[in-house]
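The next block holds one structure in the form of structure tokens; read it before the comments.
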Amino acid sequence: MSDTANPSSRAFTAESEHAEIGKASLSAGPETSAVKAPATPPHASPESAPPPAVRFDWRPWALGRVVWALGSVLVLECVVFGLSVLPAALFWTLFFERDYPNRPVAIVVLSMAFVPTYVIFAFALMVLSAWSTGVTGWRTPRDAELPIAGLSWPLLNWARYMISVHVVRLFAGAVFRATPIWTFYLRLNGAHLGKGVYVNSLAVNDHNMLEFDDYVVIGDDVHLSGHTVERGYVKTATVRLGRNVTIGLGSVVGIGVQAGPGCQVGALSLVPKFARLEAGTTYVGTPVRRLERKRDPSPV
Ligand SMILES: CC(C)(COP(=O)(O)OP(=O)(O)OC[C@H]1O[C@@H](n2cnc3c(N)ncnc32)[C@H](O)[C@@H]1OP(=O)(O)O)[C@@H](O)C(=O)NCCC(=O)NCCS
């Protein structure tokens, strides 16, 4: 895979990666090592002072922006949804227009057709939704810190992207998650994913902020996204996972996290924002600690 197609390979293929990511780990006792975030995340102020409070912008043009943003996403979703339903609607129209030899045959055909028509609808919804967000340019802004009260265009574009993703998650996610088709949708919707990536969670957001190398596995119910909301601000940062990384069931991965190749995160763990996880290492706990293997106390 080329570097352009898969930016995560840029981040994790060099040997220097191990050294670089490992620098952030601190020794914290005989069995575990704490994980430390870089001193200054990209958009944090050097003193880590909380960002200033922003008052809601009630001016007419700000409210106009909100109305336009919500109205446009509603119209687009109606079009996308309508086009996705079209093949199924066509089938059902033809179905009801036909004459069947008897009632039981009609009932059997009706029952059998439900699942395939829904699958076709769900697939069309994924493709058209991803295509529409690509055309409109609705994406999560990179390394941003946006006051919610400011109601700015980048914030509203992010909200529209989230709404589109949510509609797909609701109607197609349950059918396709953890399959290559779900990976195909994530990629189409802006994610940079290598080959053999499986995402078995519907709580993976901000797809254009995800850079996963080959064979990454995201377990069931993992919460992983490129944004967080803190003190009235939406903050964003890219999550980069190296080749063969596994994120265990039910874990939470913060924004800006980077994990080196072969890194494993145990089930029900919390990886704090901007943490750097060392290659080939297992991390567990809340927040995560490096899992050190116990030595056999009585070697033979
Ligand atoms: C973390 C994990 C990879 C470790 O597996 P392992 O290397 O075989 O290690 P072990 O199971 O032998 O456990 C080693 C120690 O870590 C502890 N441990 C294991 N998983 C843990 C977790 N999720 N949280 C906290 N501690 C954990 C064990 O209790 C054990 O402690 P001990 O040495 O004091 O007895 C595995 O337990 C795990 O959580 N896998 C997640 C798999 C997953 O969800 N995949 C997603 C797709 S299904």
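Add 10 to a position in the sequence shown, counting from 1, and you land on the number used in the working numbering. Beta carbons are placed, not taken as given, at the ideal position from N, Cα and C, and that holds for glycine. Fair warning: this is a prediction, and the values are worked out from it, not measured in the lab.
Closest residue to residue i among the options (Cα-Cα distance)
i, options, result
"Leu-161", "Tyr-208, Leu-301, Glu-302, Arg-69", "Arg-69"
"Gly-206", "Leu-212, Val-214, Trp-192", "Trp-192"
"Leu-311", "Ser-174, Ser-139, Val-226, Phe-186", "The structure shown does not extend to residue 311, since the chain spans only 11 to 310, so no value can be given for it."
"Thr-103", "Ala-123, Cys-88, Leu-212, Pro-114", "Ala-123"
"Asp-231", "Ala-134, Arg-75, Leu-280, Asp-223", "Leu-280"
"Leu-80", "Arg-170, Leu-198, Leu-278, Ser-121", "Arg-170"
"Phe-91", "Phe-101, Ala-132, Val-125, Gly-74", "Ala-132"
"Ile-257", "Ala-116, Gly-229, Phe-284", "Gly-229"
"Gly-74", "Trp-163, Val-275, Phe-101", "Trp-163"
"Gly-295", "Val-275, Lys-283, Phe-284, Glu-288", "Val-275"
"Arg-179", "Leu-198, Pro-190, Val-214, Ser-121", "Val-214"
"Leu-86", "Val-145, Val-125, Leu-96, Pro-60", "Val-145"
"Asp-224", "Pro-190, Pro-114, Ser-211, Ser-235", "Pro-190"
"Glu-154", "Arg-303, Leu-135, Gly-266", "The sequence given here has Ala at residue 154, not Glu. Closest by alpha carbon: Gly-266."
"Leu-138", "Arg-253, Leu-212, Asn-199", "Asn-199"
Any non-hydrogen atom of ligand 1 closer than 7 Å to residue i Cβ
i, result
"Val-281", "no"
"Val-77", "no"
"Leu-268", "Before going on, a small fix: residue 268 reads as Gln here, not Leu. Gln-268 Cβ: outside cutoff for every heavy atom of ligand 1."
"Thr-146", "no"
"Ala-213", "no"
"Gly-312", "Residue 312 lies beyond the stretch modelled for the chain, which goes from 11 to 310, so this question has no answer here."
"Gly-276", "yes"
"Gly-272", "no"
"Gly-229", "yes"
"Leu-251", "no"
"Thr-256", "yes"
"Leu-234", "no"
"Leu-301", "yes"
"Leu-287", "no"
"Thr-291", "no"
"Leu-259", "yes"
Residue i, enclosing alpha helix (DSSP H) - first and last residue
i, result
"Glu-87", "70–107"
"Val-143", "The question names Val, but residue 143 is Thr in the sequence shown. That run of the alpha helix (DSSP H) goes 113–146."
C-alpha distance - residue i paired with residue j, whole-angstrom precision
i, j, result
"Gly-260", "Ser-82", "35 Å"
"Leu-165", "Gly-270", "31 Å"
"His-233", "Lys-245", "16 Å"
"Ile-31", "Arg-152", "Low per-residue confidence applies at Ile-31: pLDDT is 37, beneath 50, and the placement is therefore not dependable enough to give any value."
"Pro-311", "Val-177", "Residue coverage of the chain in this structure runs from 11 to 310, which leaves residue 311 outside it and unanswerable."
"Arg-286", "Glu-240", "21 Å"
"Leu-196", "His-217", "6 Å"
"Gly-242", "Trp-168", "15 Å"
"Phe-66", "Ile-158", "8 Å"
"Arg-299", "Ala-99", "53 Å"
"Ser-94", "Val-64", "40 Å"
"Gly-272", "Val-263", "16 Å"
"Glu-107", "Thr-238", "51 Å"
"Gln-268", "Phe-105", "52 Å"
"Leu-220", "Ala-201", "5 Å"
"Gly-147", "Asp-109", "47 Å"
"Thr-292", "Leu-301", "5 Å"
N-terminal and C-terminal residue of the beta strand (DSSP E) that residue i is part of
i, result
"Val-294", "292–294"
"Arg-300", "299–301"
"Gln-157", "The sequence given here places Pro at residue 157; Gln does not occur at that position. That run of the beta strand (DSSP E) goes 155–157."
Any beta strand (DSSP E) of 3 or more consecutive residues that is wholly inside the segment 213–254 = Every beta strand (DSSP E) of 3 residues or more that sits fully in the segment 213–254 is shown, in chain order, as 220–222, 237–240, 243–246, 249–251.
Taking the runs of the alpha helix (DSSP H) that are 4 residues or longer, which of them lie wholly in the segment 177–205?
-> Qualifying alpha helix (DSSP H) stretches, in chain order: 190–198.
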